[in-house]
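I have placed the structure first, in the form of structure tokens, so that the comments after it can refer back to it.
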Amino acid sequence: MHVSARVVVPVIGIVLVSVLSGCTDYKKKYDYLNVEHQNLKGRFESIEAEKQEMATRISQDQQTIDELRRQIDELNRTPAQATGFGDGYDVKFDPAAGTITVTLANTILFDSGKATLKSATSKELDHILSVLKAKYAGKEVDVVGHTDTDPIQKSPWKDNWELSAQRALSVARYLADHGIPENAVQASGCGPFRPVAPNTTASGKAKNRRVEIVVYMRQRPATTVASS
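Numbering (our numbering), first residue to last: 2 to 229.
Encoded structure:
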């Protein structure tokens, strides 16, 4: 049995149309899937970028938190801790003047009416010396003596003013003899004229009997000598 050419040709044509139509569908699907792939790839890259940005922000936020904690800890520290002298010392910091003042009670340093340092004083002064050398090397230092208003009795000193100056000098010499340059140390006495508490009570008088060691973070202000 023979199939005529007229029958074969239409069949081939139908097959070719079907194949070509199928190829077109596959190409459309491929193009669609390729577009979807590119979209997903773009979304993935965007998500990765957002993740990286978020990680950076978290890291920056943590650094900010750590810095705030450090500042809070610094603010919570006492002047004695912050300046390096440690707890147990009466320390004041004056930002305007640029000074750190360590106050020592006269009872720690001297016997009543005396200007010679007690032997036990070395422990206190040696600690202050170690801090001055470690943290404030090259800084100028004033040693200022103070007394209460009780008049001098059974003492070689003319008055409290003279006693306060001699006591300041004793401390200044100790500092200079143990490593603080002499040209950086200055001693002076104020007697009873700069009280920090009323001299009407025993506790007030005790607070006024003191020696102050003043450290200048900036250059010490120039002193003026009056001409006669």
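The C-beta atom is built at its ideal place from N, Cα and C for all residues, glycine as well.
Rounded distance between the beta-carbons of residue j and residue i, thought under 8 Å
| i | j | result |
| --- | --- | --- |
| residue 105 | residue 212 | 5 Å |
| residue 151 | residue 115 | Not confirmed; about 15 Å, so no contact. |
| residue 214 | residue 103 | 5 Å |
| residue 198 | residue 170 | That belief does not hold up - the Cβ atoms of residue 198 and residue 170 are roughly 24 Å apart, past 8 Å. |
Counted within 10 angstroms of its Cβ, other Cβ atoms place residue i as buried (16 or more) or exposed
| i | result |
| --- | --- |
| residue 31 | exposed |
| residue 101 | buried |
| residue 139 | exposed |
| residue 121 | exposed |
| residue 123 | exposed |
| residue 195 | exposed |
| residue 181 | buried |
| residue 45 | exposed |
| residue 50 | exposed |
| residue 168 | buried |
| residue 161 | buried |
| residue 176 | buried |
| residue 36 | exposed |
| residue 173 | buried |
| residue 107 | buried |
| residue 1 | Outside the displayed span of the chain (2 to 229) sits residue 1, for which this structure offers no information. |
Host beta strand (DSSP E) of residue i (start-end)
| i | result |
| --- | --- |
| residue 217 | 211 to 217 |
| residue 189 | 186 to 190 |
Beta carbon of residue i nearer than 8 Å to that of residue j
| i | j | result |
| --- | --- | --- |
| residue 209 | residue 147 | yes |
| residue 94 | residue 79 | no |
| residue 142 | residue 186 | yes |
| residue 118 | residue 130 | no |
| residue 96 | residue 149 | no |
| residue 191 | residue 156 | no |
| residue 91 | residue 82 | no |
| residue 218 | residue 43 | no |
Counterpart residues of residue i in DSSP-defined beta bridges
| i | result |
| --- | --- |
| residue 141 | 217 |
| residue 146 | 190, 212 |
| residue 111 | 118 |
| residue 101 | 94, 216 |
| residue 106 | 211 |
Range covered by the alpha helix (DSSP H) that runs through residue i
| i | result |
| --- | --- |
| residue 172 | 161 to 178 |
| residue 80 | 80 to 84 |
Check: residue i C-beta below 7 Å from any heavy atom of the ligand PLP
| i | result |
| --- | --- |
| residue 161 | Among the components modelled here there is no ligand, and therefore nothing to report on the ligand PLP. |
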